[in-house]
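First the structure, in the form of structure tokens, and then the observations on it.
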Amino acid sequence: MSGSWGTLRQFQILVAVYDEGSVTRAAEKLFLSQPSVTMQLNKLQDTLGIVLTYPQGRQIKFTEAGKMVVEHARRLLTDYYDLGRRVTLLKGIEQGGLSLGLVTTAKYFIPYMVGEFLQQYPSIEFQFNLGNRQQIIERIGEDIDDFYVFSHPPKDKELATVPMLKNRLVAIAPIGHRFVGRDSVSLAEFCQEPMLMREAGSGTRLSIEQFCQSRGIELNVRMTIESNEAIKHTVMSGLGLSIVSEHVLSHGGSQGVAQINVEGLDISSRWYMVYRQSRPLSAVAQAFLQSAQAVS
Ligand code: PGA
């Protein structure tokens, strides 16, 4: 960059001379010869048309104008270096890929979050790896993915957890069931109905079991089903009721089932983006983490 206000290099030299208090030390710091530092300083003074420095014995002193120029030059250089860092980061981001380990229920909202991220960084390649809570814990153990999404992250000091949105569980029944449309259904009535439950290892099941234990109630479990989608279809077919994350019903997912209002059925947790603290975060990973932090 050049112009009537001096070049970035000249400003860099000026700041170095000010900080070091000597032309010799500034030259050493910048790997330049002493005469070229002096020449650049003189050129800068000529260009600006004001006196910036003056000799005092063997020392170099700065005029008031010189100090003012140093202050501005320092800001200019900070901005310039910052720009360099951002461009490097952006280049890194645009070339990267990200692997996510998702508990099955996270598949209902993570794609929308990733979609927003991709609007900003369209060339990132994502990979979604799905499993129930237990299977995703195993993936963490093997250090496979960049990030993991849970509502019940395992307790481990090695893991960082970033809270995101709420995960509320809701009761569902087939359309046409006698509970549908009622203002409320008692917990006791609900517990007698045949219940479709997620498999052992599922985070949803864990939430339900913890709730039942805390209330001293027992559900009438009729079937164990390993997927939210299969649960919905089994509910639709009239084989029982179930409790699922409200995300399972979002984005058009409530077709064929209805939410019922069960008194005191109050089960909610939160989603977390989880990563191993020991895994170095790539530029892409850092940007993605920032976007996850905004989803709360
Ligand atoms: P799940 O996970 O798909 O294993 O039930 C959901 C959760 O962690 O809440």
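In case it helps, this note's numbering puts the sequence shown at residues 980 to 1275.
Using N, Cα and C, we set each Cβ at its ideal position, and we do this for glycine too.
Starting from ARG1258, trace the beta strand (DSSP E) in both directions and tell me its first and last residue. Residue mapping note: residue 1258 aligns to position 279 of the sequence shown, counting from 1. For ARG1258, there is no enclosing beta strand (DSSP E), as DSSP marks it with neither H nor E.
Own chain residues within Cβ distance below 8 Å of VAL1274, not counting five before or after: Along the sequence shown, read from residue 1 onward, the residue named residue 1274 stands at position 295. So the list reads MET1092, MET1143 and LEU1144, once near-sequence residues are dropped.
DSSP state of THR986 mapped onto helix, strand, coil: Locating residue 986 in the sequence shown gives position 7, counting from the first residue. The answer is coil: DSSP assigns THR986 none of H, G, I, E or B.
Who are the Cβ neighbours of VAL994 in its own chain at under 8 Å, not counting the five residues just before and after it? As a first step, residue 994 is located in the sequence shown; it is residue number 15 there, counting from the start. Same-chain partners within the cutoff: VAL1049, ALA1052, ARG1053 and LEU1056.
Which class does ALA956 belong to by DSSP, given the choice of helix, strand or coil? Outside the displayed range of the chain (980 to 1275) lies residue 956, so it cannot be described from this structure.
Taking only three categories from DSSP, how would you classify TYR1087? Here residue 1087 corresponds to residue number 108 of the sequence shown, with the count starting at 1. TYR1087: helix per DSSP, three-state reduction.
Simplified DSSP state of THR1140, which is helix, strand or coil: Indexing the sequence shown from 1 puts residue 1140 at position 161. Three-state DSSP puts THR1140 in a strand.
Taking the Cβ atom as the reference point for each residue, do GLY1071 and SER1261 lie within a distance shorter than 8 Å? Taking the first residue of the sequence shown as position 1, residue 1071 is located at position 92. Taking the first residue of the sequence shown as position 1, residue 1261 is located at position 282. Cβ distance < 8 Å, so GLY1071 and SER1261 count as in contact.
Between LEU1148, GLY1160, ARG1194 and VAL1164, which has its C-alpha nearest MET1176's C-alpha? Translated into the one-based positions of the sequence shown, residue 1176 becomes position 197. Nearest option by C-alpha distance: LEU1148.
Specify whether the segment 1015–1026 and the segment 985–1000 touch according to this definition: at least 3 beta carbon pairs, one from each stretch, less than 8 Å apart. Touching, yes.
Using three-state DSSP, classify ARG1276 as helix, strand or coil. Limits of the chain in this structure are 980 at one end and 1275 at the other, which puts residue 1276 out of reach.
Taking Cβ positions, are ALA1167 and ILE1239 nearer each other than 8 Å? For this step, residue 1167 is matched to residue 188 along the sequence shown. For this step, residue 1239 is matched to residue 260 along the sequence shown. No, these two residues do not count as a Cβ contact at 8 Å.
Would you please verify whether the beta carbon of VAL1223 is less than 8 Å from any beta carbon of chain D? The displayed structure is made up of one protein chain only, and chain D is not part of it.
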